[in-house]
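Enquirer: Mind looking over this structure? Questions follow.
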Amino acid sequence: MIPHSDRVASIRYVKVKRRIHWLEQKAERHEYELTLTPAAIISHERSFRMNSVTDISCRPATATSWFLYLHTIEGLFAFETEDAPHTFISRYQGMKNR
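So this is what it looks like as C-alpha coordinates:
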(Lines of atoms letter the chains of each structure in order from A and count residues from 1; the text may use other names and numbers.)
(Lines give C-alpha, C1' and ligand atoms only; values in the text may rest on other atoms or scores of the structure.)
Protein backbone atom coordinates (compact mmCIF):
# COMPACT_ATOMS: atom_id res chain seq x y z
CA MET A 1 0.00 0.00 0.00
CA ILE A 2 1.29 3.43 -0.94
CA PRO A 3 1.21 6.04 1.84
CA HIS A 4 -1.30 8.79 1.06
CA SER A 5 1.39 11.46 1.47
CA ASP A 6 3.38 9.92 -1.43
CA ARG A 7 0.44 9.98 -3.87
CA VAL A 8 0.43 12.80 -6.36
CA ALA A 9 -2.55 11.39 -8.28
CA SER A 10 -4.38 8.14 -8.89
CA ILE A 11 -6.92 6.81 -11.35
CA ARG A 12 -9.01 3.65 -11.40
CA TYR A 13 -8.58 1.31 -14.36
CA VAL A 14 -10.33 -1.83 -15.50
CA LYS A 15 -9.00 -5.17 -16.73
CA VAL A 16 -11.35 -7.72 -18.22
CA LYS A 17 -10.19 -11.31 -18.12
CA ARG A 18 -12.00 -13.70 -20.41
CA ARG A 19 -12.06 -17.41 -19.80
CA ILE A 20 -13.90 -20.38 -21.19
CA HIS A 21 -15.57 -22.80 -18.80
CA TRP A 22 -17.62 -25.70 -20.10
CA LEU A 23 -17.97 -24.18 -23.57
CA GLU A 24 -19.17 -20.89 -22.12
CA GLN A 25 -17.12 -17.71 -22.25
CA LYS A 26 -17.12 -15.67 -19.06
CA ALA A 27 -15.77 -12.17 -18.59
CA GLU A 28 -14.39 -11.22 -15.20
CA ARG A 29 -14.06 -7.50 -14.61
CA HIS A 30 -11.41 -6.32 -12.16
CA GLU A 31 -10.78 -2.75 -10.99
CA TYR A 32 -7.33 -1.54 -9.98
CA GLU A 33 -5.63 1.76 -9.27
CA LEU A 34 -2.82 3.43 -11.19
CA THR A 35 -0.90 5.64 -8.77
CA LEU A 36 1.47 8.50 -9.55
CA THR A 37 4.17 9.16 -6.95
CA PRO A 38 7.29 11.35 -7.19
CA ALA A 39 9.38 8.22 -7.83
CA ALA A 40 7.16 5.97 -9.97
CA ILE A 41 3.84 5.16 -11.58
CA ILE A 42 2.50 2.00 -9.97
CA SER A 43 -0.10 -0.44 -11.30
CA HIS A 44 -1.29 -3.69 -9.75
CA GLU A 45 1.20 -5.63 -11.90
CA ARG A 46 4.31 -3.46 -12.02
CA SER A 47 6.04 -0.22 -11.20
CA PHE A 48 7.42 2.22 -13.77
CA ARG A 49 10.22 4.47 -12.50
CA MET A 50 9.70 8.09 -13.45
CA ASN A 51 12.94 8.23 -15.44
CA SER A 52 11.64 5.40 -17.67
CA VAL A 53 8.31 7.13 -18.45
CA THR A 54 8.59 9.38 -21.50
CA ASP A 55 4.96 10.50 -21.88
CA ILE A 56 1.32 9.81 -21.04
CA SER A 57 -1.51 10.24 -23.53
CA CYS A 58 -5.17 9.26 -23.80
CA ARG A 59 -7.90 8.53 -26.33
CA PRO A 60 -11.63 7.99 -25.88
CA ALA A 61 -12.48 4.28 -26.08
CA THR A 62 -16.27 4.58 -25.86
CA ALA A 63 -18.73 7.25 -24.78
CA THR A 64 -17.98 6.36 -21.14
CA SER A 65 -14.39 5.10 -21.11
CA TRP A 66 -10.85 6.10 -22.06
CA PHE A 67 -7.57 4.45 -22.91
CA LEU A 68 -4.68 5.95 -20.97
CA TYR A 69 -1.35 5.19 -22.65
CA LEU A 70 1.84 5.08 -20.64
CA HIS A 71 4.83 5.60 -22.97
CA THR A 72 8.01 4.13 -21.48
CA ILE A 73 11.48 3.18 -22.64
CA GLU A 74 10.25 -0.44 -22.39
CA GLY A 75 7.24 0.11 -24.66
CA LEU A 76 3.65 1.31 -24.61
CA PHE A 77 1.27 0.21 -21.84
CA ALA A 78 -2.50 0.77 -22.14
CA PHE A 79 -4.95 1.13 -19.26
CA GLU A 80 -8.72 1.33 -19.75
CA THR A 81 -10.42 3.75 -17.40
CA GLU A 82 -13.95 5.02 -16.86
CA ASP A 83 -12.60 8.18 -15.21
CA ALA A 84 -11.44 11.11 -17.33
CA PRO A 85 -7.62 10.91 -17.25
CA HIS A 86 -6.85 14.61 -17.77
CA THR A 87 -6.06 15.41 -14.11
CA PHE A 88 -3.74 12.40 -13.84
CA ILE A 89 -1.93 13.42 -17.04
CA SER A 90 -1.58 17.08 -16.02
CA ARG A 91 -0.16 16.11 -12.62
CA TYR A 92 2.39 13.87 -14.37
CA GLN A 93 3.32 16.69 -16.78
CA GLY A 94 3.69 19.11 -13.88
CA MET A 95 6.14 16.76 -12.17
CA LYS A 96 8.07 16.00 -15.38
CA ASN A 97 8.51 19.71 -16.21
CA ARG A 98 10.13 20.58 -12.88
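Residues are numbered in my numbering as their position in the sequence shown, beginning at 1, plus a constant of 231. Note that CB positions come from ideal geometry on N, CA and C, so glycine has one too.
Which ranges does the beta strand (DSSP E) cover as unbroken runs of at least 3 residues, wholly within the segment 284-329, from first to last along the chain?
Expert: Here the runs fully enclosed are 284-291, 297-303 and 306-312.
Enquirer: Following the continuous beta strand (DSSP E) through histidine 261, name the residue where it begins and the one where it ends.
Expert: Taking the first residue of the sequence shown as 1, we reach residue 261 at position 30. Note, histidine 261: beta strand (DSSP E), 255-267.
Enquirer: Sort Cys289, His261, Glu313 and Leu267 by Cα distance to arginine 322 and report the nearest one.
Expert: Within the sequence shown, the letter at position 91 stands for residue 322. Per the Cα distances, Leu267.
Enquirer: Within a Cβ cutoff of 7 Å, which residues of the same chain sit near valine 239, ignoring the five residues on either side of it in sequence?
Expert: As a working mapping, residue 239 is identified with position 8 in the sequence shown. Hits under 7 Å: Leu267, Thr268, Pro269, Arg322 and Met326.
Enquirer: Would you kindly work out how many angstroms separate the C-alpha atoms of leucine 301 and leucine 307, rounded to a whole number?
Expert: Position 70 of the sequence shown, counting from 1, holds the residue named residue 301. Position 76 of the sequence shown, counting from 1, holds the residue named residue 307. One C-alpha to the other measures close to 6 Å.
Enquirer: Could you give the first and the last residue of the continuous beta strand (DSSP E) run that contains alanine 240?
Expert: Taking the sequence shown and counting its residues from 1, the one referred to as residue 240 is at position 9. Here the beta strand (DSSP E) through alanine 240 covers 240-252.
Enquirer: Confirm, please, whether the CB-CB distance from phenylalanine 298 to isoleucine 242 is below 8 Å.
Expert: Taking the sequence shown and counting its residues from 1, one reaches residue 242 at position 11. Taking the sequence shown and counting its residues from 1, one reaches residue 298 at position 67. No, these two residues do not count as a Cβ contact at 8 Å.
Enquirer: Over the uninterrupted beta strand (DSSP E) stretch that includes arginine 277, give me the two end residues.
Expert: As a position in the sequence shown, residue 277 is number 46, starting the count at 1. It is not in any beta strand (DSSP E) - arginine 277 carries neither H nor E in the DSSP assignment.
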